[in-house]
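Numbering-wise, our numbering puts 193 at position 190 of the sequence shown, and it's gapless, one number per residue. Backbone N, C-alpha and C define an ideal beta-carbon position, used for all residues, glycine too.
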Amino acid sequence: MRAARKQQSGATAYEACLAWARTLVAFFIFTVSTSVASASSPLVSAEWVLSNLGSEDVVFVDLQPVNGYARVHLPNAVNTQYGQWRQRRPVKGKALPDIAYLEKLLGSLGIKPTDHIVLTPIGMNAGEIAVATRIYWTLKVIGHEKVSILDGGLIAYSRLPKPIFTKQMTRVRATKYTANPNPAMAPSMDDVLTAWKKGMAIFDYRSHEEYVGKAGGPRPGTIPGAQNLPFDQLVEPKQGGKFLTLERAKALFSTQGMDPMQAHIGFCNSGHRASLAWFVTHELLGNKQGLLYDGSMAEWQQYPDNPIAVPK
4 MRAARKQQSG ATAYEACLAW ARTLVAFFIF TVSTSVASAS SPLVSAEWVL
54 SNLGSEDVVF VDLQPVNGYA RVHLPNAVNT QYGQWRQRRP VKGKALPDIA
104 YLEKLLGSLG IKPTDHIVLT PIGMNAGEIA VATRIYWTLK VIGHEKVSIL
154 DGGLIAYSRL PKPIFTKQMT RVRATKYTAN PNPAMAPSMD DVLTAWKKGM
204 AIFDYRSHEE YVGKAGGPRP GTIPGAQNLP FDQLVEPKQG GKFLTLERAK
254 ALFSTQGMDP MQAHIGFCNS GHRASLAWFV THELLGNKQG LLYDGSMAEW
304 QQYPDNPIAV PK
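Written out as structure tokens, the structure reads:
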């Protein structure tokens, strides 16, 4: 009897050790996957945000209006306004601020070049998400490596079983930010014209009405040969702040006769809407030959020698 009890006790201890080992392995896998997401993922989930609220190297950048941020935001999030990331008076349509200004802006937010920036828009619709993708693109132009966007925005986060919010204003300790610019990320009008003459694919991410010249600026139409895909089709129709799956995004491009993996330059009217499509092709699909034309039609149509076509 004693031998049987001893054998049973030993088996129980063994099972307990085995269960503990499995727990350690699961924890290790979770920790590694979390750190990998922290280092490299362009999109992060609401669950990831909740589990990383206390991470020292993660800076949550809130994109709400000032009054919205004052009411509720993520703990320790810093707030910035979209207008701070674009020139107030665009030069020939180009809205990207100069590097020195952006360095001061990031420093005023207490951000360091090594920080993992997580952009948190509200997430109501594609236009709002494009605010995040445009700022994301700007950060990549100045060489910031670790940047992510909260998929679905704060709306998706608020739908978690137990989201954590605060009204407490974040105290910011200013830093001296030094950029590592990557000018190849922002082709100029001359670059676009040269690429167009060489036959590079040009993608127009404006509405169909703008594409065919029924709406737009003083010279309606599009860059000759450009293919059209309205940017807002790349987010879930009933969840305006969530991106389509990669499979559905590829299929959508295909239905328009467009290859998102080929070398191309995308544009809209001011580089805002097209930034969302750039984020999908360049960051999510990994096509590093897909570029965004900052000046877009706001710049292009100001030069009479630049060709414009009106598709039928």
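{"Query": "Please work out which residues of its chain come closer than 6 angstroms, Cβ to Cβ, to THR117, disregarding the five sequence neighbours upstream and downstream, and give them in chain order.", "Result": "none"}
{"Query": "Looking at GLY126 and GLY244, is the spacing between their C-beta atoms short of 8 angstroms?", "Result": "yes"}
{"Query": "Nearest CA to the CA of ASP207: which residue from HIS147, ASN183, GLN236, LEU108?", "Result": "GLN236"}
{"Query": "Could you tell me which whole alpha helix (DSSP H) segments of length 4 or greater appear in the segment 64-147?", "Result": "69-74, 102-111, 129-144"}
{"Query": "Just the Cα atoms here: how many angstroms apart are MET203 and GLY293?", "Result": "11 angstroms"}
{"Query": "Between the beta-carbon of ASP65 and the beta-carbon of THR123, is there less than 8 angstroms?", "Result": "yes"}
{"Query": "Chain E beta carbons: is any one of them nearer than 8 angstroms to that of THR83?", "Result": "Judged by its chain identifiers, the structure shown contains no chain E, having just a single protein chain."}
{"Query": "Decide if LEU105 is buried, meaning its Cβ has at least 16 other Cβ atoms within 10 Å, or exposed.", "Result": "buried"}
{"Query": "Who does ASP207 pair with in a DSSP beta bridge?", "Result": "ASN231, PHE270"}
{"Query": "Is ARG276 buried or exposed, if buried means 16 or more other CB atoms sit within 10 Å of its CB?", "Result": "buried"}
{"Query": "Compute the beta-carbon to beta-carbon distance between PHE256 and TYR296, rounded to the nearest angstrom, for a pair I have assumed lies under 8 angstroms.", "Result": "About 18 angstroms; that fails the 8 angstroms criterion."}
{"Query": "I need the boundaries of the alpha helix (DSSP H) containing LEU294, first residue and last residue.", "Result": "Careful: LEU294 lies outside any alpha helix (DSSP H), inside the beta strand (DSSP E) at 293-295."}
{"Query": "Leaving out five residues before and five after VAL283 in sequence, what residues of the same chain have Cβ atoms less than 6 angstroms from its Cβ?", "Result": "LEU237, ALA252"}
{"Query": "Kindly indicate which residue of LYS170, MET188, GLY216, ARG162 has the alpha-carbon position closest to the one of ALA73.", "Result": "LYS170"}
{"Query": "Can we say the segment 170-186 touches the segment 90-108, given the rule of at least three CB pairs closer than 8 angstroms?", "Result": "yes"}
{"Query": "With the cut-off set at 8 angstroms, would you say LYS97 and GLU302 are in Cβ contact?", "Result": "yes"}
{"Query": "In terms of residues, what are the limits of the beta strand (DSSP E) holding VAL52?", "Result": "It is not in any beta strand (DSSP E) - VAL52 instead sits in the alpha helix (DSSP H) that spans 49-54."}
{"Query": "Rounded to whole angstroms, what is the Cα-Cα separation between LYS315 and ASN309?", "Result": "20 angstroms"}
{"Query": "Give every residue of the same chain whose Cβ lies closer than 8 angstroms to the Cβ of MET172, excluding the five residues on either side of it in the sequence, and list them in chain order.", "Result": "ALA73"}
{"Query": "Using a threshold of 8 angstroms, state whether the C-beta atoms of LEU288 and MET264 are closer than that.", "Result": "yes"}
{"Query": "Measure how close the beta-carbons of LYS1 and ILE120 come, nearest whole angstrom, since I'm counting them as under 8 angstroms.", "Result": "Coverage of the chain is limited to positions 4 through 315, which leaves residue 1 absent and any answer about it impossible."}
{"Query": "I'd like the list of long-range same chain contacts for THR136, defined as Cβ closer than 8 angstroms, with 5 residues on each side in sequence excluded.", "Result": "ILE152, SER278, LEU279, TRP281, PHE282"}
{"Query": "By the three-class DSSP mapping on this structure, what secondary structure does LYS165 have?", "Result": "coil"}
{"Query": "Whose C-beta lies closer than 6 angstroms to the C-beta of LEU77 among residues of the same chain, with five residues either side of it excluded?", "Result": "PHE63"}
{"Query": "Helix, strand or coil: how does DSSP classify LEU249 here?", "Result": "helix"}
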